[in-house]
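Count along the sequence shown from 1, add 160, and you get the number used in this note's numbering.
Ideal Cβ positions, reconstructed from N, Cα and C, are used throughout, including at glycine.
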Amino acid sequence: MEYKFTTEIEVRDYECDIQGIVNNANYQHYTEHTRHLFLKSRNLTFASLHEQGIDVVVARMELKFKMPFRPDDVIVSCMDFERVGIKYVFTHHLYRKSDMKLCHQSKVECVCLINGKLSTSELIDKTLL
(Lines of atoms letter the chains of each structure in order from A and count residues from 1; the text may use other names and numbers.)
(Lines give C-alpha, C1' and ligand atoms only; values in the text may rest on other atoms or scores of the structure.)
Protein backbone atom coordinates (compact mmCIF):
# COMPACT_ATOMS: atom_id res chain seq x y z
CA MET A 1 0.00 0.00 0.00
CA GLU A 2 1.21 3.49 -0.79
CA TYR A 3 0.93 6.11 1.95
CA LYS A 4 0.96 9.90 1.91
CA PHE A 5 3.26 10.04 4.95
CA THR A 6 5.49 7.67 6.92
CA THR A 7 7.61 8.21 10.02
CA GLU A 8 9.29 6.13 12.71
CA ILE A 9 8.59 6.29 16.45
CA GLU A 10 10.47 4.46 19.20
CA VAL A 11 8.46 2.88 22.02
CA ARG A 12 9.57 4.21 25.40
CA ASP A 13 9.49 2.10 28.58
CA TYR A 14 7.11 4.43 30.38
CA GLU A 15 4.46 3.89 27.67
CA CYS A 16 4.11 0.26 28.75
CA ASP A 17 1.89 -1.19 31.45
CA ILE A 18 2.64 -3.88 34.01
CA GLN A 19 2.17 -6.54 31.30
CA GLY A 20 5.15 -5.10 29.41
CA ILE A 21 3.07 -3.95 26.45
CA VAL A 22 2.19 -0.47 25.24
CA ASN A 23 -0.89 0.87 26.98
CA ASN A 24 -3.75 1.23 24.51
CA ALA A 25 -4.06 5.02 25.02
CA ASN A 26 -0.56 5.54 23.63
CA TYR A 27 -1.60 4.35 20.17
CA GLN A 28 -3.66 7.53 19.90
CA HIS A 29 -0.55 9.53 20.81
CA TYR A 30 1.41 7.77 18.05
CA THR A 31 -1.22 8.52 15.42
CA GLU A 32 -1.65 12.12 16.59
CA HIS A 33 2.12 12.66 16.49
CA THR A 34 2.12 11.28 12.94
CA ARG A 35 -0.63 13.71 11.89
CA HIS A 36 1.32 16.61 13.40
CA LEU A 37 4.50 15.59 11.54
CA PHE A 38 2.50 15.20 8.31
CA LEU A 39 1.22 18.76 8.62
CA LYS A 40 4.71 19.99 9.46
CA SER A 41 6.07 18.26 6.33
CA ARG A 42 3.61 20.42 4.35
CA ASN A 43 4.66 23.62 6.18
CA LEU A 44 1.52 23.71 8.34
CA THR A 45 0.95 23.27 12.06
CA PHE A 46 -2.20 23.04 14.11
CA ALA A 47 -1.03 26.19 15.94
CA SER A 48 -0.62 28.17 12.70
CA LEU A 49 -4.03 26.99 11.50
CA HIS A 50 -5.59 28.03 14.82
CA GLU A 51 -4.02 31.50 14.48
CA GLN A 52 -5.90 31.79 11.17
CA GLY A 53 -9.20 30.78 12.78
CA ILE A 54 -9.02 27.19 11.49
CA ASP A 55 -9.37 24.40 14.06
CA VAL A 56 -9.18 20.77 12.98
CA VAL A 57 -10.83 18.60 15.63
CA VAL A 58 -11.36 14.87 15.97
CA ALA A 59 -14.98 13.87 15.46
CA ARG A 60 -14.66 10.06 15.46
CA MET A 61 -12.01 7.39 15.90
CA GLU A 62 -12.05 3.69 15.04
CA LEU A 63 -9.18 1.75 16.58
CA LYS A 64 -8.14 -1.85 15.87
CA PHE A 65 -5.44 -3.46 17.99
CA LYS A 66 -3.75 -6.39 16.21
CA MET A 67 -0.52 -7.08 18.13
CA PRO A 68 1.11 -5.26 21.04
CA PHE A 69 4.19 -3.11 20.88
CA ARG A 70 6.83 -3.68 23.55
CA PRO A 71 9.67 -1.57 24.99
CA ASP A 72 12.33 -0.62 22.45
CA ASP A 73 10.19 -1.60 19.46
CA VAL A 74 10.44 0.84 16.59
CA ILE A 75 7.10 1.72 15.04
CA VAL A 76 6.76 2.47 11.35
CA SER A 77 3.76 4.80 11.35
CA CYS A 78 2.11 5.05 7.93
CA MET A 79 -0.72 7.43 7.18
CA ASP A 80 -3.08 8.14 4.35
CA PHE A 81 -5.37 11.16 4.09
CA GLU A 82 -8.45 12.11 2.12
CA ARG A 83 -11.43 14.40 2.28
CA VAL A 84 -14.82 12.70 2.37
CA GLY A 85 -17.58 15.27 2.19
CA ILE A 86 -16.98 17.69 5.01
CA LYS A 87 -14.71 15.26 6.91
CA TYR A 88 -10.95 14.90 6.72
CA VAL A 89 -10.17 11.22 7.14
CA PHE A 90 -6.78 9.94 8.31
CA THR A 91 -6.06 6.21 7.98
CA HIS A 92 -3.18 4.95 10.12
CA HIS A 93 -1.27 1.67 10.00
CA LEU A 94 1.37 1.06 12.67
CA TYR A 95 3.92 -1.66 11.94
CA ARG A 96 6.63 -3.19 14.12
CA LYS A 97 9.79 -2.36 12.18
CA SER A 98 11.68 -5.56 13.05
CA ASP A 99 9.29 -7.75 11.07
CA MET A 100 6.82 -5.24 9.54
CA LYS A 101 3.86 -6.92 11.25
CA LEU A 102 0.75 -4.77 11.38
CA CYS A 103 0.11 -4.03 15.07
CA HIS A 104 -2.53 -1.31 14.91
CA GLN A 105 -4.81 0.36 12.44
CA SER A 106 -7.14 3.26 12.92
CA LYS A 107 -9.36 5.65 11.08
CA VAL A 108 -9.59 9.17 12.46
CA GLU A 109 -12.29 11.46 11.14
CA CYS A 110 -11.73 15.15 11.70
CA VAL A 111 -13.85 18.16 10.98
CA CYS A 112 -12.82 21.73 10.48
CA LEU A 113 -14.17 24.69 12.39
CA ILE A 114 -13.48 28.02 10.73
CA ASN A 115 -14.05 30.81 13.22
CA GLY A 116 -16.23 28.36 15.15
CA LYS A 117 -18.37 27.25 12.20
CA LEU A 118 -18.29 23.79 10.66
CA SER A 119 -16.76 24.05 7.18
CA THR A 120 -14.07 22.77 4.87
CA SER A 121 -10.81 24.67 4.55
CA GLU A 122 -9.47 25.82 1.19
CA LEU A 123 -6.01 26.12 2.79
CA ILE A 124 -6.07 22.52 4.00
CA ASP A 125 -7.45 21.25 0.70
CA LYS A 126 -4.85 23.17 -1.31
CA THR A 127 -1.93 22.17 0.92
CA LEU A 128 -2.71 18.57 1.82
CA LEU A 129 -4.80 17.06 -0.96
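- Taking C-beta separations shorter than 8 Å and ignoring five residues to either side along the sequence, the partners of V271 in its chain run V216, V217, A219, I246, K247, Y248, L278, following chain order.
- In the DSSP assignment, R256 falls within the unbroken beta strand (DSSP E) covering 247 to 256.
- Under the Cβ criterion (8 Å, minimum of three pairs), the region 196 to 211 does not count as touching the region 257 to 264.
- Bridge partners of M239 according to DSSP: F165, H252.
- At least 9 Å separates the beta-carbon of C176 from that of K226.
- For the region 194 to 242, the continuous beta strand (DSSP E) assignments of 3+ residues that do not extend past its boundaries occur at 214 to 225, in sequence order.
- For Q188, the secondary structure class from DSSP, reduced to helix, strand or coil, is helix.
- The Cβ atoms of D233 and E170 lie closer than 9 Å to each other.
- For F229 against V182, the beta-carbon gap comes to about 4 Å, under 8 Å, which counts as contact.
- The three-state secondary structure of I178, taken from DSSP, is coil.
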